[in-house]
Each structure stands twice: as C-alpha cells, then as structure tokens.
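One structure below.
Numbering (the numbering used here), first residue to last: 21 to 519.
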C-alpha cells in the first residue's frame with residue numbers, strides 16, 4: 021500500500037515573525053540600541069557642562085544632533101548590519117526554507133523597526149529622564165517628551181524600509197552609504213519650501229517643531245511658521261514611504277555568481293579545477309611570506325582610492341580656503357573618520373578568511389601584528405603627507421611639524437583602537453563607537469568646551485597643537501597604540517577560533 025506524502029503547509033506570518041525575533045536575539049543587531057544609550061549619556065553630560073540656568077526647552081534643543089544625524093545614521097547602521105550578517109551567514113539556511121519571501125521581508129522590517137524604537141527611546145529618552153528628574157525647571161512636558169521619541173521613530177520607518185530593500189539588491193555597504201547620503205540631504209533640505217516633494221526631508225521635518233530648533237541647531241524664533249507647525253504630516257509621510265519598499269519584490273540581477281556558476285557547470289559533472297601558477301610558489305616549504313600575504317588581502321579594497329581621495333579633498337579645499345583656519349577640517353573630521361575607516365576596511369578584508377590564516381604555520385599572532393603595522397603605517401603616512409600639503413598651501417613650518425607629529429601619533433592610536441574594536445567585537449560596534457566619538461570630538465574640540473573636557477575626548481587630540489597639551493597627548497597616544505596592538509593579537513586568536 022502506497023502512502024501519499026502531502027507537502028507541509030507554509031508557515032504564516034506569526035510563525036515567521038517569531039522565528040525572525042529568535043534569529044536576532046543576542047546578535048549585534050540586538051545590542052546596537054545601546055549606542056543610543058551611550059549617546060544619550062554623553063549628550064546629558066554635555067548639557068550639564070554648559071552651566072545652570074536652562075529650562076526644558078533647552079533640553080529639547082540638545083536633542084537636535086540626535087534627531088538630525090545620530091539617530092538616522094544608527095537606524096541606517098541597523099539595516100546595514102542585519103544585511104551584512106545575513107549575507108555572510110547566507111541567511112543561516114533560512115533562504116532555502118519554504119517561507120514566503122514577503123513574510124520574511126516584512127518580519128525583518130518589524131524586528132528592525134522594534135530595535136529602532138528602542139534606539140530612539142534610549143537616545144532621546146535618556147536625557148529627558150535624567151535632566152527632568154534633576155530639576156523641575158528642566159522637566160519636559162509629557163506630551164512633548166513622547167513626541168520627541170515617537171516622531172523621529174515613525175518618520176524613520178520609510179528610510180528603514182528603503183535601506184532594507186536596497187541591501188537585498190546590492191550590499192550592506194551600499195545601503196549604509198545610501199543612509200548617510202539620505203541623512204545629509206535631509207538636514208540640508210529640511211526647511212526647504214519644496215519639502216513635500218523631497219522624501220528625504222520627511223525624516224527631519226516633523227521633529228523640528230517638537231524640539232524647537234532649526235536643522236542647524238539654532239532655536240526657532242517665536243514668529244517662525246515652523247515653530248507652530250504640526251509635526252504629524254511629514255512624520256506620517258515618512259512612515260508611508262515604507263509601503264512601496266515593503267511591497268516591491270527582490271530584483272533578480274542578471275549575471276550573478278550563482279547563475280554563472282550553474283551555467284558553467286553542467287548537471288551531473290564536477291567542475292574542473294584550474295591550477296594557479298602563483299599557488300605553486302607558496303605551496304613549497306620555507307619561510308612564510310606573512311607581510312606579502314597580509315598586504316595582498318588589502319590590495320583591491322576601498323583603501324586604494326580612499327587614501328588618495330582624502331589627500332585630494334584637503335588639497336582642493338585649501339585651494340580656496342585659508343589653510344591656517346582650515347586645520348580643524350583635518351584634525352577633527354578627516355583624521356578621525358579616516359582612522360575609523362582604516363580599521364573597518366582592514367578587518368573587513370582580512371577577517372573573512374581569518375580562520376584559514378590562523379590554520380597556517382605562522383598562526384594568528386604574526387599576521388595580526390603585520391595587519392596592525394600596515395594599517396597604522398597607512399594612517400601615519402597619510403598624516404605626514406597631508407601636513408606637507410598644508411605646508412605647501414602656506415602655513416608656517418612652525419605649525420606644520422606639530423601638525424604632522426600630533427596627527428601621526430593620534431591617528432595611529434585611533435586606527436589601532438578602531439581595528440581592535442572591529443576584531444574584538446564587530447564592525448557594527450566599531451562604527452557606533454566611532455561615530456559617537458567623532459561627534460563628541462567635534463562638539464568639544466571645536467568649541468569652548470575643550471578648555472575643561474579635552475582630556476576625555478581623544479578623538480579631538482589632533483586639534484591641540486600647543487606644546488603643553490602635546491606633552492600629554494603624544495606619550496599617551498604611543499602607549500595606547502602599543503596596548504591596542506597587543507590587544508589586537510589576542511583578539512585575533514579568539515576571532516580565529518570563533519569564525
């Protein structure tokens with residue numbers, strides 16, 4: 021007697037949603053909202069450092085940086101991190117399960133939207149709660165406090181859905197870059213008269229009347245129409261932007277690796293291995309060429325064009341700006357951002373096959389030291405080259421050599437820290453810490469707050485070129501660089517066992 025096997029029914033949306041929540045539990049995505057808590061605590065400390073005599077309107081005004089830049093960028097990082105983990109793990113075998121693609125995509129959006137709500141609750145709610153409890157004059161009215169959390173979260177849902185869909189078509193790096201561009205365009209055009217026709221402005225437009233500032237952080241005037249505008253129309257428009265991206269299917273790109281592989285290998289036949297002449301050299305016994313191998317992993321990465329682009333950016337900027345007044349462009353922005361990118365790109369390139377690297381004769385220690393040396397060396401070389409560009413642009417030699425020395429040592433410290441954090445934790449954590457550190461460096465190093473807070477903001481140390489501060493920052497930078505170099509070797513050995 022033959023028994024017919026009926027196919028199991030496809031799981032519905034509730035089951036898919038439960039599985040999606042379980043997938044991301046205890047992952048990097050689940051811990052990213054802590055970046056909001058960290059920024060909220062820093063923002064609270066900055067508010068308190070400016071002195072007494074402020075009321076609850078000033079508390080809301082200090083949320084400008086969170087609502088305009090940090091919050092949207094962390095939401096973009098949520099989408100990019102989830103896409104990166106999914107692509108590297110190949111979906112954790114869920115791509116091959118009998119699940120409706122629409123249910124999987126909607127479940128992913130709901131999970132990340134929940135994390136985004138937690139992110140805004142911690143980022144905006146932390147200073148509201150702490151400062152409100154400390155003084156009755158700083159206690160924000162409940163309705164405004166709820167709006168300060170809910171309005172940016174709802175407005176960011178459309179951007180989140182768009183970046184999720186984009187990450188499915190391309191890669192996590194493209195989605196993160198698109199999120200950065202979307203955020204910058206939103207800040208620049210938030211107060212444009214054409215904002216209803218510019219979808220990127222919907223992220224910021226609604227929150228401005230809630231926190232009572234312009235997009236640049238200046239308080240709204242009493243007679244300003246934006247001060248009395250309703251926040252809900254642009255906010256709901258931003259949320260409605262999610263609908264088309266949730267309904268759009270995943271596009272099948274022609275010429276993908278899978279289709280090419282299937283076309284090249286006939287069914288039932290094994291692929292023919294093509295010998296690589298270069299492998300014959302490395303297969304012989306002898307002294308391993310660790311430096312050449314590690315340098316080879318960085319060849320062809322984004323560093324090949326990012327490093328010249330950084331020098332070119334400074335050169336073009338100095339062609340029509342005063343070099344003496346433009347030093348902060350390099351010390352507070354280009355150097356910290358470049359150090360972060362160096363660490364991220366280096367580990368993203370080398371970490372993919374780190375288990376295989378550790379299984380070779382040298383182990384993981386020597387390659388990790390070489391990787392650190394090359395990455396830090398690039399940071400030092402770029403610092404010296406850019407200092408020479410400033411010297412050629414017209415700054416005196418007495419300013420150029422402190423700039424070269426300080427930026428080289430501080431850049432080495434920040435690069436080793438970014439690389440250690442990437443190896444020890446993840447690229448996403450390194451990005452969150454780096455973004456918060458850079459923002460704090462700009463806020464403190466570029467204002468009068470540096471007089472009291474400069475020792476606790478290493479991201480702004482390259483901006484302090486006086487001998488008194490250099491006598492502290494330079495030795496500390498050297499010691500910290502050595503410390504993180506040893507930390508990278510230990511973290512690299514653990515990463516080899518966990519990969």
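Heads up, the beta-carbon is just placed ideally off N, CA and C, and yes, glycines get one too.
Where does residue 233 sit, in a helix, a strand or coil, going by DSSP?
strand
Have a look at residue 425 and residue 325 and give me their C-alpha separation to the nearest angstrom.
24 Å
Do residue 96 and residue 196 have their beta-carbon atoms positioned less than 9 Å apart in this structure?
yes
Since residue 239 sits in a beta bridge, which residues does DSSP pair it with?
233
Which residue from 340, 327, 444 puts its Cα closest to that of residue 404?
327
Going by Cα to Cα distance, which pick from 224, 239, 78, 218 is closest to residue 255?
224
Can you list, in chain order, the residues of its chain whose CB lies under 6 Å from that of residue 261, leaving out five sequence neighbours each side?
178, 219
Is it true that the CB of residue 232 sits closer than 9 Å to the CB of residue 249?
no
Exposed or buried, residue 441, counting other C-beta atoms within 10 Å across all chains shown (16 or more means buried)?
buried
Please confirm whether residue 91 and residue 147 have their CB atoms less than 9 Å apart.
no
Specify whether the stretch 44-63 and the stretch 142-160 touch according to this definition: at least 3 beta carbon pairs, one from each stretch, less than 8 Å apart.
yes
What do you get for residue 506, buried or exposed, if any count of 16 or more other CB atoms within 10 angstroms of its CB means buried?
exposed
Count the CB pairs spanning the stretch 387-395 and the stretch 326-345 that are closer than 8 Å, and state whether there are at least three.
no
Given that a residue counts as buried once 16 or more other Cβ atoms are within 10 Å of its Cβ, and exposed if not, what is residue 350?
buried
Cβ separation of residue 401 and residue 358, assumed to be a contact under 8 Å, to the nearest whole Å
Wrong, their Cβ atoms sit about 12 Å apart, outside the cutoff.
Proximity winner among 512, 465, 474, 438, relative to residue 500 (alpha-carbon distances):
438
Between the beta-carbon of residue 199 and the beta-carbon of residue 222, is there less than 9 Å?
no
Which value, in whole angstroms, describes the spacing of the CA atoms of residue 158 and residue 434?
36 Å
Excluding the five sequence neighbours on either side, which residues of its own chain have a C-beta within less than 8 Å of the C-beta of residue 98, listed in chain order?
49, 52, 132, 135, 136, 139, 180
CB contact flag (residue 318, residue 361, <9 Å):
no
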